[in-house]
Structures are given as structure tokens and as C-alpha cells.
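A.B. asks: For reference, each letter of the sequence shown is one residue, going 556 to 743 in our numbering. Note that the Cβ used here is the ideal one computed from N, Cα and C, for glycine as well. Owing to the predicted nature of the structure, the values given are computational and were not obtained by experimental measurement. Below are the C-alpha cells for one structure; questions will follow.
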Amino acid sequence: MNILAKTKTYLIGPMQYAEGRKWRDDISDTLRDMNVTIFDPYKKPFINAPEEDEETHNKLVKLMEEGDKIPFLPYTTTYDQVAEHMKQVRSFDLSMVDRADFIICYLDPEVPTFGTMEELSWACRCKKPTFIVVEGGKKKTPFWVMGMFPHKYIYNSFKEVEDVLLDINTGKVKISSDRWRLFEPHLR
Numbered sequence: 556m557n558i559l560a561k562t563k564t565y566l567i568g569p570m571q572y573a574e575g576r577k578w579r580d581d582i583s584d585t586l587r588d589m590n591v592t593i594f595d596p597y598k599k600p601f602i603n604a605p606e607e608d609e610e611t612h613n614k615l616v617k618l619m620e621e622g623d624k625i626p627f628l629p630y631t632t633t634y635d636q637v638a639e640h641m642k643q644v645r646s647f648d649l650s651m652v653d654r655a656d657f658i659i660c661y662l663d664p665e666v667p668t669f670g671t672m673e674e675l676s677w678a679c680r681c682k683k684p685t686f687i688v689v690e691g692g693k694k695k696t697p698f699w700v701m702g703m704f705p706h707k708y709i710y711n712s713f714k715e716v717e718d719v720l721l722d723i724n725t726g727k728v729k730i731s732s733d734r735w736r737l738f739e740p741h742l743r
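Okay, here's the thing in C-alpha cells:
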């Protein structure tokens, strides 16, 4: 049936304190096969988005380590530079949550994920269909997240998420949840 064709998903998960590319690349193969548009924070779809690559990350780490030194511009501290960059990143990333039809999130309870938690909270407030994979399995889900989402949206692995998405895409599983708000295919 190809129900999810031309829909959009945003991939939420750690970046600053953990490697975040591999799982995004892995699940993207399945999503592309379903003709789903993928919003990946490493590959922002905007024409004027701030970079979030390794080079930029290393630059931000260095600026934070330098502390409150005033580098080149008068009255601009290194903290000001980091804050300005991250305000832009935050704005663009939350915009991807807004524009996504559904969300896929990876949580590792051992890794601090401040952006992930804000994006996940935003997705919850918007009642986006959200597929959450927790490192260590569903039993390791943070209690707070259990209070945010129905536990049926929390999975042990990306394989489980892929299987559910494939079943939704073929019509085997109906999208009956009040979280799904898909446009008719000709309007996507």
C-alpha cells in the first residue's frame, strides 16, 4: 500500500556525548526503501542551517575549554559564540520536529542528551507518532519517559521499529492512534 510514502521523519538521539551517525544511517536504508523523507540533524535539510559536523563540534569544545576569553570581536566571549551557534541549531532542530510526520528516537540512559530530551518533549507536546528505542531494552526506559509516552511506543531495538513501520506502510497495522495526522498522498 505504501502508506508512509512521501512522509517525513526526524531522527532524534545523542550527538554531543556519543556517536550518533551509525544508527541513523542504518535505519535510513529502510526508510528510504519506503520513500520516507529523512530529517537527520547531521544532514540538515535547510539551505541556511548551521553545521553540526565533527569539525564544528571540535570547534565548540575548544571554545568552551577556553572559557570566557575574548577572542576576535570586541565584547564577544567564547561562550557567546557557542551560545549563538547552539541557539541556531536548537531552532532548526525543533523545526524538524514540527515538520516531521513521525519521530524515531534513540535513548541511551547512560548518555546525557539535553537536545534529545527537548526534542522528545516537543514531539510529545505535538502528539507526534514517536518510536523510541532504548539502549538495554524497554526495561531500561527512564521513568520520566514512561510518563511522557504510552509504553507501546517504546521498543527494544531498531529492528522492532523497522518491523512496525513496514507493517504500517503495507497496511498490516492500521494507524488508528490519535497521534497520526497524515495528509492525503497527493498533498504530501
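Just the C-alpha distance for residue 558 and residue 722, rounded to the nearest angstrom, thanks.
C.D. replies: Taking the straight line joining both Cα atoms gives about 10 Å.
A.B. asks: Label residue 664 either buried or exposed according to how many other C-beta atoms from any shown protein chain fall within 10 Å of its C-beta, with 16 as the threshold for buried.
C.D. replies: It is exposed - the Cβ of residue 664 has fewer than 16 other Cβ atoms within 10 Å.
A.B. asks: Nearest to residue 687 by CA position, among 563, 696 and 680, is which residue?
C.D. replies: With distances taken between Cα atoms, residue 687 lies closest to 696.
A.B. asks: Taking residue 594 as the reference, give the member of 691, 615, 709 and 576 with the closest Cα.
C.D. replies: Nearest of 691, 615, 709 and 576 to residue 594, Cα basis: 576.
A.B. asks: Please work out which residues of its chain come closer than 6 Å, Cβ to Cβ, to residue 616, disregarding the five sequence neighbours upstream and downstream, and give them in chain order.
C.D. replies: Excluding residues within five positions, none has a Cβ falling inside 6 Å.
A.B. asks: Would you say residue 642 lies against chain C (beta-carbon separation less than 8 Å)?
C.D. replies: In the displayed structure, chain C is absent; only one protein chain is listed.
A.B. asks: Report the option in 673, 708 and 600 whose CA atom is closest to the CA atom of residue 659.
C.D. replies: The shortest C-alpha separation from residue 659 is found at 708.
A.B. asks: Does the Cβ of residue 656 have 16 or more other Cβ atoms within 10 Å, making it buried, or fewer, making it exposed?
C.D. replies: Buried: at least 16 other Cβ atoms inside 10 Å.
A.B. asks: Near residue 586, what residues of its chain come up, given a Cβ to Cβ distance below 7 Å and the 5 sequence neighbours on each side ignored?
C.D. replies: Around residue 586: 564 and 593.
A.B. asks: Going by DSSP in three states, residue 704 sits in which element: helix, strand or coil?
C.D. replies: Three-state result, residue 704: coil.
A.B. asks: Based on the DSSP secondary-structure assignment, which residues constitute the bridge partners of residue 566?
C.D. replies: Answer is 659, bridged to residue 566.
A.B. asks: Do residue 662 and residue 689 have their C-beta atoms closer together than 8 Å?
C.D. replies: Yes, the Cβ-Cβ distance between residue 662 and residue 689 is below 8 Å.
A.B. asks: Any chance the segment 725–738 sits against the segment 593–611, with 3 or more Cβ pairs inside 8 Å?
C.D. replies: As far as the Cβ criterion goes, the segment 725–738 does not touch the segment 593–611, which means the pair count is below three.
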